[in-house]
Amino acid sequence: MTDTYGILGWPVEHSRSPVMQNAAFRATGVPGQYVRFAVPPERLADAVRGLTALGVAGANVTLPHKEAVLALLDDVTPEARALGAVNTLVRDGDRWCGHNTDAPGLARSLIEGGATLDGAEVLILGAGGAARAAVVGMAQHGARRVRIAARRGEQARTLVAQLQPVAGACVLEPCDANALQGPLSDTSLLVQATSATLEGAPDAQAFADNLPLHALPQSACVTDLVYSPLRTTVLQAAEERGLRTIDGTGMLVHQGALAFELWTGQPAPVTAMRDALWGSLQ
Ligand code: NDP
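Next comes the structure, spelled out in structure tokens:
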């Protein structure tokens, strides 16, 4: 029998998860199909209850439900609880457990791209959901220090206060977004986690131009979590400086791969998932 999996979001038409997960089912021969569930916020509780009744075998959760879904589940992993966000639902009989594969997915993608996380000096731009996942992912993979620079300083300070308790030995610090030259000079990994570089963002070029990337050591690595466009203004500027760059598709692929592994207990066919994603982005 073919099991049904899906993604709950609102809107959800843009989601790349179906193309990746259906490629994974095809490549492994696991009998599954993955669909979109367009769920408005006021129907989320109904939708989660409905998953059990409909026999859905596993699910992803995307915006705007990643936080609200926590209260609707039977169990939530400590990592997802620490992040305050769930992106993967794993079924055990009639019980649902919430996981978060964004943070480990980013870590896997950076390691695959050649970044060193152990002992890293990380600087994260932004203080939204993606930045939260980046903080936790980097802290849990041995970063020595993670600094957070947000255009609204209080957002960075709040993130530090909320996440330091789960960051272990990693030191979290807020950082002035208007004075990045000093901090960048001893950064080994720069993570662009704002939406400023998204396709069509009016200030995408100005955002990159204002970053003093020349201050980064030549050995530093730069990643942009935004994957549309693939080569963001920040990645272009970093490439021009000869720095190692890693685009945002790796995080997307690996968060999906980790979800596939949680649902099926099988290693995910990462190459097939990446090829399918890239094909859909051309
Ligand atoms: P949020 O809306 O939660 O946060 C966006 C952050 O960007 C906020 O801190 C916001 O600041 C900041 N920001 C927006 N515009 C600017 C600007 N011009 N200058 C400085 N800061 C700015 O979004 P997410 O954190 O969920 O996502 C951020 C990006 O990461 C998205 O574009 C998304 O596509 C990408 N992403 C990629 C993933 C992947 O798998 N590769 C996974 C998740 C996200 P303020 O609060 O002041 O507005």
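Per this note's numbering, residue 206 is the first one in the sequence shown, and the count goes up by one each step.
Glycine residues also receive a C-beta, built at the ideal position from the N, C-alpha and C atoms.
What I want to know is whether the C-beta of residue i ends up closer than 7 Å to one or more non-hydrogen atoms of the ligand NDP.
i	result
Ala497	This structure cannot speak to residue 497, because the chain is shown only from 206 to 487.
Phe412	yes
Gly358	no
Val431	yes
Ala355	yes
Gln367	no
Ala398	yes
Gly347	no
Gly405	no
Leu457	yes
Asp480	no
Asp323	no
Gly331	yes
Gly453	yes
Gln460	yes
Ala290	no
Asp408	yes
Ala312	no
Ala401	yes
Asp381	no
Asp307	yes
List the whole-angstrom C-beta distance separating residue i from residue j, where the pair is believed to meet the contact cut-off of C-beta under 8 Å.
i	j	result
Leu395	Val351	Wrong, their Cβ atoms sit about 11 Å apart, outside the cutoff.
Gln460	Thr209	20 Å between Cβ atoms; not a contact.
Gly342	Thr399	Contact doesn't hold; Cβ gap of about 17 Å is too wide.
Met456	Ala228	The Cβ separation is near 17 Å, so there is no contact.
Ser433	Ser393	About 27 Å; that fails the 8 Å criterion.
Lys271	Val291	6 Å
Trp468	Gly260	The pair is not a contact, with the Cβ atoms about 14 Å apart (cut-off 8 Å).
Let me check you understand the geometry: is the CB of residue i closer than 7 Å to at least one non-hydrogen atom of the ligand FMN?
i	result
Gln471	The ligand FMN is absent from the structure shown, which contains only the ligand NDP.
Please say whether residue j and residue i have beta carbons closer to each other than 8 Å?
i	j	result
Leu430	Gln397	yes
Phe340	Leu377	Here the sequence assigns Val to residue 340, which means Phe is not the residue at that position. Taking 8 Å as the Cβ cut-off, Val340 and Leu377 qualify as a contacting pair.
Thr437	Leu482	no
Cys375	Arg349	yes
Leu278	Gly303	yes
Thr402	Val439	yes
Val244	Leu213	yes
Gly324	Gly358	no
Ala382	Arg356	yes
Ile353	Ala336	yes
Trp301	Val253	yes
Val224	Ser485	yes
Ala344	Gly310	no
Ala464	Thr293	yes
Pro236	Thr207	yes
Ser220	Thr267	yes
Leu256	Ala273	no
Ala308	Ala338	yes
Ala384	Ala413	no
Over the uninterrupted beta strand (DSSP E) stretch that includes residue i, give me the two end residues.
i	result
Trp301	300–304
Arg296	293–297
Val439	Careful: Val439 lies outside any beta strand (DSSP E), inside the alpha helix (DSSP H) at 438–445.
Gly211	208–214
Glu466	Element bounds for Glu466: not the beta strand (DSSP E) but the alpha helix (DSSP H), 454–469.
Gln238	237–243
Gly263	263–266
Gln202	Since the displayed the chain opens at 206 and closes at 487, residue 202 lies outside it and no answer follows.
Pro379	376–381
Kindly indicate the opening and closing residues of the alpha helix (DSSP H) around residue i.
i	result
Val340	334–345
Pro223	222–233
Glu317	307–317
Val475	475–486
Gln410	409–414
Ala252	249–259
Of all Cβ atoms in chain D, is any one closer than 8 Å to the Cβ of residue i?
i	result
Asp480	Any reference to chain D falls outside this structure, which holds one protein chain only.
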